Amino acid sequence: MKKIILTISYLLVGCYFTYAQEAVPGDSLQINNQPVIVIKGEDLQKFPSGDLMIALEGRVPGFDSFNQSQSDFLFIIDGIYSNNVNSISTSEIEEIKFYKGGLIAKDGIYSSTNGTFVVTTKRSHYNQPLTTTFLLQGGSNNESGNSSYFSQNYQVGVHKGYKIMKYGAGLSYSSNYQGGLTNVDQYILNANLDVKPLQWLETGVHVNYNPNNFSDSPSSQLEGNIKQLNGDFYFTVKPMKGLSNTFTIAKSKLSYKYDLIYSGVTTEYINYYSANQNDNSITFYDNKLNYEYGFFKNHLIVGASLTYNRIKQGFSSEMTYNRIDEYNQPTFSISVQKIDRSVQSYMGGLSFNVNNWLILEGGFRIDEPSFASVKHVKSPYGALTIDYKNILFKQSNTISSGTLNIAFSKRSKLIATNGLSSSIGFTNGVFPTEPGPLDNKVFSLSASIGLLKNCVLINGDWTDNTTSTFFPNYLSSSNPFSAHEINTKSWRLWLNSEIYKSTDFSWSMGINFSNQKNKLILSEGNQNTSPTGGLAIVTTEDDDQSYNKVLLGGIQQGIRFKKLSLEMNGSVCFNRDALNASVYQVPGRQPIINEFKNYQYFAINYMALGYSLGNVSKYVKNSSLYLVGRNLISTTENQLYTNIPKYVGLSLKVEL
Numbered sequence: 001m002k003k004i005i006l007t008i009s010y011l012l013v014g015c016y017f018t019y020a021q022e023a024v025p026g027d028s029l030q031i032n033n034q035p036v037i038v039i040k041g042e043d044l045q046k047f048p049s050g051d052l053m054i055a056l057e058g059r060v061p062g063f064d065s066f067n068q069s070q071s072d073f074l075f076i077i078d079g080i081y082s083n084n085v086n087s088i089s090t091s092e093i094e095e096i097k098f099y100k101g102g103l104i105a106k107d108g109i110y111s112s113t114n115g116t117f118v119v120t121t122k123r124s125h126y127n128q129p130l131t132t133t134f135l136l137q138g139g140s141n142n143e144s145g146n147s148s149y150f151s152q153n154y155q156v157g158v159h160k161g162y163k164i165m166k167y168g169a170g171l172s173y174s175s176n177y178q179g180g181l182t183n184v185d186q187y188i189l190n191a192n193l194d195v196k197p198l199q200w201l202e203t204g205v206h207v208n209y210n211p212n213n214f215s216d217s218p219s220s221q222l223e224g225n226i227k228q229l230n231g232d233f234y235f236t237v238k239p240m241k242g243l244s245n246t247f248t249i250a251k252s253k254l255s256y257k258y259d260l261i262y263s264g265v266t267t268e269y270i271n272y273y274s275a276n277q278n279d280n281s282i283t284f285y286d287n288k289l290n291y292e293y294g295f296f297k298n299h300l301i302v303g304a305s306l307t308y309n310r311i312k313q314g315f316s317s318e319m320t321y322n323r324i325d326e327y328n329q330p331t332f333s334i335s336v337q338k339i340d341r342s343v344q345s346y347m348g349g350l351s352f353n354v355n356n357w358l359i360l361e362g363g364f365r366i367d368e369p370s371f372a373s374v375k376h377v378k379s380p381y382g383a384l385t386i387d388y389k390n391i392l393f394k395q396s397n398t399i400s401s402g403t404l405n406i407a408f409s410k411r412s413k414l415i416a417t418n419g420l421s422s423s424i425g426f427t428n429g430v431f432p433t434e435p436g437p438l439d440n441k442v443f444s445l446s447a448s449i450g451l452l453k454n455c456v457l458i459n460g461d462w463t464d465n466t467t468s469t470f471f472p473n474y475l476s477s478s479n480p481f482s483a484h485e486i487n488t489k490s491w492r493l494w495l496n497s498e499i500y501k502s503t504d505f506s507w508s509m510g511i512n513f514s515n516q517k518n519k520l521i522l523s524e525g526n527q528n529t530s531p532t533g534g535l536a537i538v539t540t541e542d543d544d545q546s547y548n549k550v551l552l553g554g555i556q557q558g559i560r561f562k563k564l565s566l567e568m569n570g571s572v573c574f575n576r577d578a579l580n581a582s583v584y585q586v587p588g589r590q591p592i593i594n595e596f597k598n599y600q601y602f603a604i605n606y607m608a609l610g611y612s613l614g615n616v617s618k619y620v621k622n623s624s625l626y627l628v629g630r631n632l633i634s635t636t637e638n639q640l641y642t643n644i645p646k647y648v649g650l651s652l653k654v655e656l
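With my numbering, letter number 70 in the sequence shown gets 70, and the count goes up by one each step, no holes.
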């Protein structure tokens with residue numbers, strides 16, 4: 001049977017995400033039986049968003065899109081490390097899982113202290129009928145004090161599965177234009193082919209191509225383009241029960257070009273900038289040998305795994321600068337850089353599963369980066385999960401599920417040979433953008449409980465994370481950067497409930513809260529402000545300075561009554577102590593020492609009021625019409641960020 005889904009949307013809208021505790025497969029990130037936020041791709045397909053990071057606001061506890069960017073997290077897309085999550089069309093995403101706990105550091109030098117997003121793109125199923133999806137989107141606003149904004153997005157996807165083969169492809173085009181200031185055109189091509197000729201053998205290829213062009217206003221005359229091409233090939237063999245071997249190789253190529261021309265405001269001069277960067281990498285990733293064996297009629301299952309990864313990357317850049325002053329005198333400079341770097345990683349792990357009541361896992365990882373003075377970065381990890389439902393409440397009809405988890409991981413220090421962390425970063429994210437110069441230690445406690453046949457799911461965790469960063473030291477010419485320790489303590493609580501469900505009426509709700517407090521340990525020398533001016537670090541009396549304390553929350557509602565439906569997502573921020581001024585001194589004035597300011601924020605990010613039209617003709621299986629809006633209700637106090645424009649539009653979904 002051929003299945004065609006046609007969606008015509010006048011606006012990008014959000015969706016209702018489900019919070020759940022779910023076991024995540026091993027592969028690159030083993031977080032078995034730990035609380036994980038799960039975002040289903042079917043919700044993203046229904047209400048797609050052009051910027052995935054903004055769509056996650058309020059839905060993922062502990063995630064703050066206003067204060068965090070893609071570089072603050074680790075993204076694993078189909079098993080490959082990446083920091084460009086928007087290179088994948090939202091219509092081609094199967095699901096997204098977010099983890100923030102004690103096993104973060106087990107990804108070694110790639111790990112992020114803020115959490116890990118595991119993104120799985122859409123794959124066809126074997127023996128699946130042909131599915132064709134069309135998506136057309138457009139949105140506009142004209143808010144007072146802001147330029148009018150118009151965006152459009154077109155997507156098409158095809159998926160089909162046979163007995164031993166399946167394939168899928170998606171193509172999207174988006175254009176964003178804002179009041180004559182910025183124009184961005186982006187294309188995304190995603191295709192995959194999988195073949196399973198035998199029950200114990202499967203192989204496949206995946207290709208992603210993402211070119212986009214951008215230009216700015218005539219006043220700055222900025223033009224450029226970014227092209228990214230990724231491809232991977234995998235090979236999985238399961239020759240006997242419990243034994244599996246996976247081999248994956250990936251190739252990535254990224255090019256970035258731009259030209260910028262701008263004039264001075266108070267003087268008559270013209271600046272010309274031109275940049276050309278190329279980034280090529282090849283990755284032997286997740287080459288894993290895994291074996292599991294059951295004892296005592298499978299009441300005890302023991303597993304062991306060995307994994308080898310290797311990434312080799314070549315980076316080149318050429319930047320030119322030309323300035324013509326008011327006397328028509330040119331100044332010209334050129335900078336050329338070429339770097340070859342590599343990392344190889346070895347991982348070994350053991351796991352013990354006692355009747356699914358107690359699960360113990362641990363392992364050790366070694367990274368060998370060519371760009372660091374520390375040749376071996378070591379990362380031990382371990383986790384213990386207890387299913388207290390089956391131990392204490394096995395006969396209970398009220399408690400449907402319940403687990404406790406303790407996890408810990410540690411990554412040893414990583415110091416670049418040039419001593420500057422920012423120079424380690426690579427644009428496509430296959431190398432870490434900001435590895436800590438000191439040890440990274442993470443400890444977490446988490447618990448979950450499911451009530452009334454899991455109609456109510458409550459999850460919570462507490463995390464203690466110690467990492468480090470570099471700060472500029474203007475008082476020392478021999479050591480311009482000094483390493484300082486950062487300790488982050490955070491807790492999260494999230495709940496998902498199916499309040500009522502019947503033939504005519506259903507109501508589901510999700511709510512989450514998270515609190516995070518960072519402390520900067522200034523124990524590296526008690527620096528004071530420079531008498532000649534400039535940035536310097538000033539310690540407090542106890543050599544500690546707390547900063548960036550924030551309480552975040554989110555709420556989701558899904559209501560259906562007969563043919564009517566309402567979906568909402570909101571986010572809230574309380575008591576954000578954000579750094580309002582750095583430590584600096586202007587000659588003749590008193591120095592400003594870490595001035596903080598408190599901010600509040602609340603917004604209904606997405607709202608969709610829908611009406612089911614049903615099968616309006618014999619060719620239409622189902623259709624729905626939606627009135628959608630974004631940021632229609634918002635309030636701020638001491639607003640730190642620019643107000644987000646409000647959007648209103650229509651969405652039509654047709655299934656043939």
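The beta carbon of each residue, even a glycine, is placed where N, CA and C say it ideally should be.
Bear in mind the structure is a predicted one, so any value in this text is a computation, not a measurement.
DSSP three-state label for I339, please.
strand
Whole angstroms are fine: how far does the CA of V195 sit from the CA of M165?
4 angstroms
Pick from R341, P380 and E361: whose alpha carbon is nearest that of A372?
R341
Which whole-angstrom value describes the C-beta separation of S682 and S612, a residue pair presumed to lie in contact below a C-beta threshold of 8 angstroms?
The displayed coordinates of the chain run from 1 to 656. Any statement about residue 682 would go beyond what the structure contains.
Measuring CB to CB, does K441 end up less than 9 angstroms from N405?
no
Counting Cβ pairs closer than 8 angstroms, one from the segment 352 to 361 and one from the segment 332 to 340, do we hit at least three?
no
So the alpha helix (DSSP H) A407 belongs to, where does it begin and stop?
Here A407 belongs to no alpha helix (DSSP H); instead the beta strand (DSSP E) covers I399 to R411.
Given that a residue counts as buried once 16 or more other Cβ atoms are within 10 Å of its Cβ, and exposed if not, what is H299?
exposed
So, are the CB atoms of I54 and T116 less than 9 angstroms apart?
no
I think T120 touches E92, with their Cβ atoms under 8 angstroms apart; what is that distance to the nearest whole Å?
Wrong, their Cβ atoms sit about 10 angstroms apart, outside the cutoff.
DSSP three-state assignment for L130, whether helix, strand or coil:
coil
Around the Cβ of G376, are there at least 16 other Cβ atoms within 10 angstroms (buried) or fewer (exposed)?
Position check: residue 376 holds His in this sequence, whereas Gly was assumed. It is exposed - the Cβ of H376 has fewer than 16 other Cβ atoms within 10 Å.
Which residue from H159, L136, K100 and V118 puts its Cα closest to that of S124?
H159
Indicate whether K413 and S497 have their beta-carbon atoms separated by less than 9 angstroms.
no
Here's a check: name, in chain order, each residue in its chain whose Cβ is nearer than 8 angstroms to the Cβ of L29, leaving out the five neighbours to either side.
For L29, the pLDDT reaches just 38, beneath the cut-off of 50, and the residue's location in the model is therefore unreliable, although a value from the coordinates is still provided. If we look at L29 and ignore the five residues flanking it on each side, its Cβ neighbours are I76, Y99, L103, K106, D107, T116 and V118.
Could you tell me the boundaries of the beta strand (DSSP E) in which N208 lies?
L201 to S215
Would you be able to state if there are at least three C-beta pairs under 8 angstroms between the segment 250 to 263 and the segment 288 to 298?
no
I'd like the span of the beta strand (DSSP E) that includes K621, first residue to last.
Note, K621: premise wrong, no beta strand (DSSP E); not H, not E.
Extent of the continuous alpha helix (DSSP H) run through N388
Per the sequence presented here, residue 388 reads as Tyr, with Asn not at that position. Its alpha helix (DSSP H) spans residues Y388 to L392.
Here's a check: name, in chain order, each residue in its chain whose Cβ is nearer than 7 angstroms to the Cβ of I282, leaving out the five neighbours to either side.
K251 and K312
Local Cβ density within 10 Å of V36, reported as buried at 16 or more and exposed below that:
buried
What are the boundary residues of the beta strand (DSSP E) that includes A304?
L300 to I324
So H206 and N192 are in contact, right, with Cβ under 8 angstroms, and what is the actual spacing, rounded?
4 angstroms
May I ask you to list the residues that DSSP assigns as paired with S87?
The partner list for S87 (beta bridge, DSSP) is empty, contrary to what the question assumes.
Out of I188, V184 and Q199, which one is the CA nearest neighbour of L171?
I188
Does the distance from the CB of L632 to the CB of L650 come in under 9 angstroms?
no
Burial state of E567 (16 or more Cβ within 10 Å)
buried
Thinking C-alpha only, which one of I449, D439 and D286 is nearest I486?
D439
Measure from the alpha carbon of K501 to the alpha carbon of each residue in I555, K621, I559 and Y647, then state which is nearest.
I559
Between the CA atoms of K618 and K238 - distance to the nearest angstrom
46 angstroms
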